[in-house]
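Read through the structure below, which is laid out as structure tokens, and then see the notes.
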Amino acid sequence: MSLKAISTALSTHLSQMPNLPPVAWENGPTFKPPANDIYLAEFTLPAGVNGEDMTGNGATSYGGIYQVTVFAPSRTNKFNAKDIAGQIAAYFNRGLKLEKDGVRVEILRSYDSKPQQDADWYSIPLTISYNAIV
Numbered sequence: 083m084s085l086k087a088i089s090t091a092l093s094t095h096l097s098q099m100p101n102l103p104p105v106a107w108e109n110g111p112t113f114k115p116p117a118n119d120i121y122l123a124e125f126t127l128p129a130g131v132n133g134e135d136m137t138g139n140g141a142t143s144y145g146g147i148y149q150v151t152v153f154a155p156s157r158t159n160k161f162n163a164k165d166i167a168g169q170i171a172a173y174f175n176r177g178l179k180l181e182k183d184g185v186r187v188e189i190l191r192s193y194d195s196k197p198q199q200d201a202d203w204y205s206i207p208l209t210i211s212y213n214a215i216v
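All letters in the sequence shown, in the order written, are residues 83 to 216 by our numbering.
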């Protein structure tokens with residue numbers, strides 16, 4: 083139940099971002115990328131569950147990564163995609179606290195990784211590290 087609340091909190095926050103491009107939601111409805119425009123894809127990647135005390139009866143820590151990838155048509159201006167990646171990183175700023183069903187999620191850091199390019203798309207993976215203690 084906690085992993086569902088974490089994923090929902092992160093996805094909901096992204097969905098409320100101003101000027102959000104179309105999003106391919108994790109396990110969402112069939113998504114057809116726009117022909118010549120930017121879009122996003124999002125995934126929650128849980129990293130592990132740890133007890134916060136030695137007895138096993140205390141709080142549980144859930145860490146992981148919320149990955150949002152910015153896709154732009156290949157052979158177009160890379161700066162539009164980089165600008166959107168920067169806006170998302172700022173929107174998921176360090177210290178941001180989100181809550182869903184009593185689960186509090188804290189953003190530890192957000193950063194983009196090395197862009198990748200194929201024949202059709204230029205993509206920038208954005209890593210948003212989170213932790214939740216339940």
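Glycine included, every Cβ here is placed at the ideal spot set by N, Cα and C. Bear in mind that the values here come from a model prediction, so they are computed numbers and not experimental data.
Count the other CB atoms, across all protein chains shown, that sit within 10 Å of the CB of residue i; report buried if there are 16 or more and exposed otherwise.
| i | result |
| --- | --- |
| Phe-217 | For the chain, the structure presents residues 83 to 216; residue 217 sits outside this window and is missing. |
| Thr-126 | buried |
| Phe-153 | buried |
| Tyr-193 | exposed |
| Gly-130 | exposed |
| Lys-182 | buried |
| Ser-89 | buried |
| Pro-151 | Going by the sequence as given, residue 151 is Thr instead of Pro. It is buried - the Cβ of Thr-151 has at least 16 other Cβ atoms within 10 Å. |
| Phe-161 | exposed |
Of the choices the options, whose alpha-carbon is the least far from that of residue i?
| i | options | result |
| --- | --- | --- |
| Ile-189 | Ala-106, Leu-178, Asn-101 and Gln-198 | Leu-178 |
| Asp-202 | Ala-171, Ala-117, Gln-98 and Val-216 | Ala-117 |
| Gly-146 | Gln-169, Leu-92, Ile-206 and Arg-157 | Leu-92 |
| Ile-120 | Pro-197, Arg-176, Ser-205 and Ser-97 | Ser-205 |
| Pro-103 | Glu-124, Leu-85 and Ala-87 | Glu-124 |
| Tyr-173 | His-95, Ala-163, Ala-106 and Ser-143 | His-95 |
Since residue i sits in a beta bridge, which residues does DSSP pair it with?
| i | result |
| --- | --- |
| Thr-209 | Gln-149 and Tyr-193 |
| Gln-199 | Tyr-204 |
Considering only residues of the segment 118 to 191, which uninterrupted alpha helix (DSSP H) runs meet the minimum length of 4 residues and lie entirely inside it, listed in chain order? 160 to 173
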